[in-house]
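I have placed the structure first, in the form of structure tokens, so that the comments after it can refer back to it.
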Amino acid sequence: MSCGYGGPIIDPHHHLWDLSLGRHPWLAPPEAGENEMVFGNIAPIRRNYGVREYLRDAAGQNIVASVHVEAGWSDDFPLEETSWLDSLDRRLGVAARYVARVPLSAKEAPDLLEREAENQAVVGIRDIVSWHPDPKKSFASREGIMSDRRWREGLSRATELGLSFDLLLFPWQMKEALRLIADYPDTRFVLNHCGSPVDRSEEGMMLWRDGLTELSAAPNIVIKISNPVAYDHDWTVESLRLVIDHCIACFGPKRAMFASDFPVAGLHADFNALYDAFRTIAASLSPDEQEALFFSTANRIYRLHLSPSQTSQDPTHV
48 MSCGYGGPII
58 DPHHHLWDLS
68 LGRHPWLAPP
78 EAGENEMVFG
88 NIAPIRRNYG
98 VREYLRDAAG
108 QNIVASVHVE
118 AGWSDDFPLE
128 ETSWLDSLDR
138 RLGVAARYVA
148 RVPLSAKEAP
158 DLLEREAENQ
168 AVVGIRDIVS
178 WHPDPKKSFA
188 SREGIMSDRR
198 WREGLSRATE
208 LGLSFDLLLF
218 PWQMKEALRL
228 IADYPDTRFV
238 LNHCGSPVDR
248 SEEGMMLWRD
258 GLTELSAAPN
268 IVIKISNPVA
278 YDHDWTVESL
288 RLVIDHCIAC
298 FGPKRAMFAS
308 DFPVAGLHAD
318 FNALYDAFRT
328 IAASLSPDEQ
338 EALFFSTANR
348 IYRLHLSPSQ
358 TSQDPTHV
């Protein structure tokens with residue numbers, strides 16, 4: 048492990064799944080050899096990934112709590128993912144809070160949101176809006192979702208219930224997101240995966256940089272510096288620094304948080320290598336700024352109510 052931040056860590060973005068349940072269509076056995084998605088070949092993560100596997104990957108990182116983000120559970124079985132998470136042994140702080148999946152444009156969305164909000168572990172909602180003209184790269188079924196009236200009504204209800212919204216999009220959707228965020232000043236948005244800088248061309252990176260700068264001006268959005276290797280498969284610490292430094296410059300440490308996105312990030316980096324890169328890149332910041340990135344921002348946004356002084360300092364905690 049590299050030198051640098053040595054305090055407690057909250058991992059505010061990872062997934063768990065049991066493929067024997069048949070609830071994750073995107074992880075189902077492929078047809079005609081199709082394995083490729085926008086972040087690469089997913090064959091290596093087409094396996095069960097539970098608390099034990101997460102603990103194994105994160106061992107030695109002093110992670111004192113984590114946030115489970117919805118893992119593409121089928122919409123045909125609403126509320127089941129939350130019930131399944133409740134059934135797991137989460138005593139070590141794994142999946143201490145949930146960001147649940149609710150399709151906001153569904154007519155039953157208000158009822159589903161109310162039922163999710165009854166669970167104290169559910170602190171946020173994600174309904175992925177990432178649309179790409181290439182179906183292999185798209186997560187959303189159609190473009191323009193953030194402008195849809197019924198979808199926005201669902202978002203309003205989530206906000207009324209005190210739930211944050213995890214926002215996963217592509218950079219060319221940031222103009223639409225700007226309008227959304229301005230129209231919903233009472234909603235706390237959490238931008239996922241550094242804003243998804245998927246197009247690594249000079250033009251694509253400029254679009255991402257400019258969009259991120261504009262988004263960060265809104266006071267009601269924070270960013271997760273999660274899975275920065277998703278679109279940088281031959282990464283180095285310096286190549287990650289170009290993205291991460293811009294995220295921090297735009298949002299500041301108090302509105303930014305490091306996160307793993309395991310097991311998906313494991314397609315291109317192991318857990319230790321990813322967090323070593325985070326530590327190296329953050330090393331020039333003050334101790335308080337580093338604590339914000341690794342612990343305090345996630346603690347506040349996801350309402351974990353932990354005190355750094357009361358959490359374990361044992362590097363084998365998780």
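Residues 48 to 365 in my numbering are what the sequence shown lists, from first letter to last.
Beta carbons: idealized from backbone N, C-alpha and C, even for Gly.
So, is residue i buried or exposed, given that buried needs 16 or more other C-beta atoms within 10 angstroms?
i: A329; result: buried
i: Y96; result: buried
i: K271; result: buried
i: I182; result: The sequence given here places Pro at residue 182; Ile does not occur at that position. Classification for P182: exposed.
i: L262; result: buried
i: E161; result: exposed
i: W73; result: exposed
i: P310; result: buried
i: T363; result: Legend: pLDDT at T363 = 37, less than 50; position of this residue unreliable, value from coordinates given subsequently. So T363 counts as exposed.
i: H352; result: exposed
i: D292; result: exposed
i: E163; result: buried
i: D58; result: buried
i: R144; result: buried
i: S134; result: exposed
i: L102; result: exposed
i: A277; result: buried
i: H194; result: What sits at residue 194 in the sequence shown is Ser, not His. Per the 10 Å Cβ criterion, exposed.
Below 6 Å CB to CB, which residues in the same chain sit around residue i once its five sequence neighbours on both sides are set aside?
i: Q337; result: Y52 and A329
i: G258; result: P218 and M221
i: A265; result: I228
i: V298; result: One point to set straight first is that residue 298 is Phe, not Val, in the sequence displayed. So the list reads S263 and I270, once near-sequence residues are dropped.
i: R204; result: P157 and L160
i: D104; result: F309 and F318
i: S185; result: W178 and H179
i: S121; result: R70 and P72
Apart from the five residues on each side of it in sequence, which residues of its chain come closer than 7 Å, Cβ to Cβ, to residue i?
i: Y231; result: L202 and T206
i: K301; result: A339 and T344
i: E117; result: E128, V146, A147, R148 and R173
i: M48; result: Residue confidence for M48 is low, a pLDDT of 44 falling below 50, so the modelled location carries little weight; the figure read from the coordinates is stated next. Around M48: G107, N319 and D323.
i: P334; result: none
i: S125; result: One detail in the question is off: residue 125 reads as Pro in this sequence, not Ser. These residues qualify, in order along the chain: L159.
i: F367; result: Residue 367 lies beyond the stretch modelled for the chain, which goes from 48 to 365, so this question has no answer here.
i: D233; result: T206
i: W255; result: P218, G242 and P244
i: P355; result: G54, P55, E338 and F342
On the premise that residue j lies in contact with residue i, defined as a C-beta separation below 8 Å, what is that separation, rounded to the nearest angstrom?
i: T129; j: A142; result: Incorrect: roughly 10 Å between the Cβ atoms, too far for contact.
i: I414; j: G313; result: With the chain covering 48 to 365 only, the question about residue 414 has no answer from this structure.
i: A224; j: L214; result: 7 Å
i: S307; j: H61; result: 5 Å
i: N267; j: R288; result: Actually they are not in contact, since the Cβ atoms of N267 and R288 sit about 27 Å apart, beyond 8 Å.
i: A168; j: W178; result: Their Cβ separation, rounded to whole angstroms, is 30 Å, which puts A168 and W178 out of contact at 8 Å.
i: H315; j: G87; result: 7 Å
i: V170; j: L210; result: 7 Å
Who does residue i pair with in a DSSP beta bridge?
i: L398; result: The structure shown has nothing for residue 398, since the chain only spans 48 to 365.
i: E83; result: N88
i: H61; result: H115 and F309
i: G56; result: This sequence places Ile at residue 56; Gly is not what is there. Paired residues: I110.
Going by beta carbon distance, what residues of the same chain come within less than 8 Å of residue i, once the five residues before and after it are set aside?
i: D361; result: Bear in mind that a pLDDT of 44 at D361, under 50, signals an unreliable position, so the model cannot answer this.
i: W198; result: L151, S152, D174 and I192
i: P76; result: R93
i: D136; result: V98
i: C294; result: C241, G242, L259, I270, I272 and A303
| query | In chain order, which continuous runs of the alpha helix (DSSP H) of length 4 or greater are located wholly inside the segment 301-360? | reply | 318-329, 334-338 and 344-348
| 4 or more residues per run - each alpha helix (DSSP H) lying fully within the segment 224-287 | 249-263
| request: Let me know the alpha helix (DSSP H) ranges lying completely inside the segment 97-176, each 4 residues or longer, listed in chain order. | output: 98-105, 127-133 and 156-164
| request: Could you name each continuous alpha helix (DSSP H) segment of 4 residues or more that falls completely within the segment 178-217, going from the start of the chain to the end? | output: 196-207
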